[in-house]
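In the numbering used here, the protein residues as written are -15 to 431. A short write-up of the structure that comes next.
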Ligand code: TRP
C-alpha cells in the first residue's frame, strides 16, 4: 500500500509545530506560569523541554518513520510477535480523551470569536464579563453546538488527507498564527506598566517553586510538545526518508517554546498593566483577557485577533489527534478514509459532549470526584502521557537495536549524529526515571 507523505520539509515542520502549538501554549502556559511563580517555573519548564522533550520527541520520530504506520502498526512492524503494539491501544484511547475535552475549550474559543466580532465585551464590568463566561459554559446547548461544530471542522480537514487536508491547513494557519501573536506582543509590551508583567515572567523567584510546580512543568512540557501518545509518531510516519529528524525536532521544539513565551509576553504584561490577577487559572483567557482588551485602545481589534489566533492554534493541534485514530482505522482495519474520519469524529464528539456538559447540566455527575472534563484532563496529562512517554523511551532505549536507532536518526548515515550517545543515555535512563517521578507525584506517592 502506498502511503501519503508530507509534500515538503516546510509542510512537515508546520504540521508538527501545528500539533505542538495549541491551547497548551496560549491558554495553559500563561496561567501555569502565572500560578506557579513566573520566572522560576519558566526555567524549570525550559530545562524539561530541552533535556527531556527533544529526546522523547526524537524517539517518537524514530518509531513512526521507521515503522511507516500508525502507532499500532509501527510497533507491530518493529517488534513483531511482542505485545508492544498495545501502545497503539493507549494511543487511540489518549487521542479520544484528550480531543474530547480539547474540543470543549476549542468550542468556547469559537464562541469568543463571535463575541469579539459582536463587540460583546464592550463597556461591561468585570463581574459582568465573568458572568458572561459562566452563563455561556453552563448553557445546555450553546457550547455543545460550538464543540460539535469544531469537531466537524477537524473532520473536514482530516478527511481531505495528509497533503490536501493537514498540510494545506497548517501551511496557511501556522504562519498566520506567528504574525498574529507577534502583533499582540508588540501591543502588549508597549502598554504602560508592561514591565511588571515581563519581570514576573522572566525574573525567577525560587521561593515560589514547590515540588508540585516542578511536576506541573514536566506535565506541561509533555502536553505542550504533544508527546507521549503517538501523535507525533503518526506525523513522523509521513516525513520523507531523506529529512533530518534531529533538525526537524529542534525546530519544532524551538517554535513551540517560542510561542509559549510569546503568549506569556502578550498576556502577562497586559494582565499587570490593567491590574488583574495573573493566577486567575484556566479562566485567565476567557474572563481576564476580555476585560484587558476592553480597556485597551483598539481593544475591539485585538480581541478578534486573539481569539482567531487561539482558534488556529486549537485546530492545528486537534487534527493531529484525530489523525491518530483515522490512520489506525484505515491502516489496521482497512476503513476508507471517509468512513474512518466520520466514525472517529462521531465517537469523539459524543465523548466530548460529556465534557462540555460538565460545566452545565452534568456538573454534578462525577467520576472519582471529578467532572468528566476534569477527569479527562487529569487522566491524560498526569497519567496517560507520562506512561506513554516511558514506554516510548524504553522501546527506543532498550528494545530497538542501537544500530537501527542510529540509522533512522542519521537517515541512513546521511546526517552526522554528534550527540547520539547523550541521546541514548537520556532515553535509556534519565527520561524514564524523571517521568516516573512525575507519575508517582501525580498519584501522590512522591510528595
Ligand atoms: N500540544 C497541543 C497543545 O499544546 C495539544 C496536543 C495535540 C497534544 N496533540 C497532542 C497533547 C498529543 C498531548 C498529546 O495544545
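Even for Gly, the Cβ is constructed at its ideal location relative to N, Cα and C.
Helix, strand or coil at residue i [DSSP, three-state]
i	result
residue 102	coil
residue 22	strand
residue 223	coil
residue 274	helix
residue 188	strand
Distance, residue j Cα to residue i Cα
i	j	result
residue 363	residue 276	33 Å
residue 326	residue 91	19 Å
residue 164	residue 177	22 Å
residue 8	residue 224	28 Å
residue 77	residue 68	15 Å
residue 352	residue 408	39 Å
residue 96	residue 15	18 Å
residue 189	residue 13	17 Å
residue 70	residue 139	26 Å
residue 66	residue 382	14 Å
Extent of the continuous alpha helix (DSSP H) run through residue i
i	result
residue 280	Segment: none, residue 280 is in no alpha helix (DSSP H) and carries neither H nor E.
residue 337	321 to 340
residue 130	126 to 143
residue 10	Careful: residue 10 lies outside any alpha helix (DSSP H) and carries neither H nor E.
residue 202	195 to 208
residue 362	356 to 362
residue 115	110 to 122
residue 399	Careful: residue 399 lies outside any alpha helix (DSSP H) and carries neither H nor E.
residue 408	404 to 409
residue 244	229 to 257
residue 158	152 to 173
residue 50	38 to 51
residue 262	It is not in any alpha helix (DSSP H) - residue 262 carries neither H nor E in the DSSP assignment.
residue -8	Per DSSP, residue -8 belongs to no alpha helix (DSSP H) and is neither H nor E.
residue 390	386 to 393
residue 369	369 to 378
residue 268	Neither: residue 268 is in no alpha helix (DSSP H) and is coded neither H nor E.
residue 61	55 to 62
Classification of residue i by the beta-carbon crowding that lies within 10 angstroms, buried from 16 upward
i	result
residue 200	buried
residue 392	buried
residue 73	exposed
residue 387	exposed
residue 60	buried
residue 131	buried
residue 125	exposed
residue 204	buried
residue 241	buried
residue 320	exposed
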